[in-house]
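So the structure is just underneath, and the comments pick up after that.
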Amino acid sequence: MCVLRKVSRTGQAYITALVHVDDIKLIADSERAIDEMVARVRERFLTPQEHRRRVHRYMGIEFDCVTPGILYLAKRIRPYLRTAVAFLAARVQAPSESDRAKVGRVLRYLNKAREMKLGLGTGCAANKGALDCVSHAVPHVECYVDAAFATHADMRSHTRDNVSLKRGEAYSTGVKQKLNTKNSTEAELVGVVIGQAI
């Protein structure tokens, strides 16, 4: 794939062309710029097929670009998206239509939860003063470990560790276990061992 970008002399208008074999995707900030580029392509080549849409999928590029963005949000400010992004990131190489629908579902959720904030705290009561809360409260650290038994194709389990300061998630990780376990109890014990590395 080749990416070509043309910017106007004023630096305002632009057009980007993604070229792959005999396909071209044009992205521009105005319809006029696209019309001019299509006219130039028609001058040089046989009559091309043209598909115009507000958003048009091109070789899964939509999926490839959106998934890392969701991954960034999940790591920084939306930890509850980690399950969804782990699922989507495993399918970046060959996404299916149902995977694309799942990305759309995550994006719709993010759009609705735009004002939701990440809250961290020690769990002090709201009626206490901030100084009283800091001086008398002992940090209350809670650690949670969970394992999902034999969820991967090679029958290995998946572990998720979570550290909380009574309110909000301070640290969490999810990893595929490196060994096969016989049952869910053993998977939980392996998860505890993995969680002790925190």
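According to the working numbering, the sequence shown is numbered sequentially starting from 49. For every residue, glycine included, the Cβ atom is placed at its ideal position computed from N, Cα and C. The model shown is predicted, which means the values in this text are computed figures rather than measured ones.
Around the Cβ of residue 146, are there at least 16 other Cβ atoms within 10 angstroms (buried) or fewer (exposed)?
exposed
Which residues mark the beginning and the end of the alpha helix (DSSP H) in which residue 160 is found?
Its alpha helix (DSSP H) spans residues 145-160.
Between the alpha carbons of residue 92 and residue 122, how many angstroms are there, rounded?
46 Å
Start-to-end residues for the beta strand (DSSP E) that takes in residue 136:
Not the beta strand (DSSP E): residue 136 falls in the alpha helix (DSSP H), residues 130-137.
Rounded straight-line distance, which links the Cα of residue 162 to that of residue 115
18 Å
Between the region 132-148 and the region 233-242, can you find at least three pairs of beta-carbon atoms closer than 8 Å?
Counting Cβ pairs under 8 Å, fewer than three are found: no touch.
If you follow the beta strand (DSSP E) that residue 76 is part of, which residue opens it and which one closes it?
Note, residue 76: beta strand (DSSP E), 71-76.
Status (buried if at least 16 other CB within 10 Å, exposed otherwise) for residue 52:
exposed
Is residue 169 buried or exposed, if buried means 16 or more other CB atoms sit within 10 Å of its CB?
exposed
Could you tell me the alpha carbon to alpha carbon distance between residue 189 and residue 243, rounded to whole angstroms?
Roughly 14 Å between the two C-alpha positions.
Following the continuous alpha helix (DSSP H) through residue 207, name the residue where it begins and the one where it ends.
Here residue 207 belongs to no alpha helix (DSSP H); instead the beta strand (DSSP E) covers 206-212.
Candidates 192, 127, 83: closest to residue 211 by CA position:
192
DSSP three-state assignment for residue 169, whether helix, strand or coil:
Residue 169 falls in the strand class under three-state DSSP.
Buried or exposed: which applies to residue 195, given that a residue is buried once 16 or more other Cβ atoms fall within 10 Å of its Cβ?
buried
If contacts are defined as beta-carbon pairs under 8 Å, then residue 154 and residue 118 qualify, I think. What distance do you get, rounded to the angstrom?
6 Å
Check whether residue 110 and residue 151 have beta carbons under 9 Å apart
yes
Quick one: what's residue 68 bridged to in DSSP?
71
With DSSP as the reference, label residue 94 as helix, strand or coil.
coil
Start-to-end residues for the alpha helix (DSSP H) that takes in residue 199:
Per DSSP, residue 199 belongs to no alpha helix (DSSP H) and is neither H nor E.
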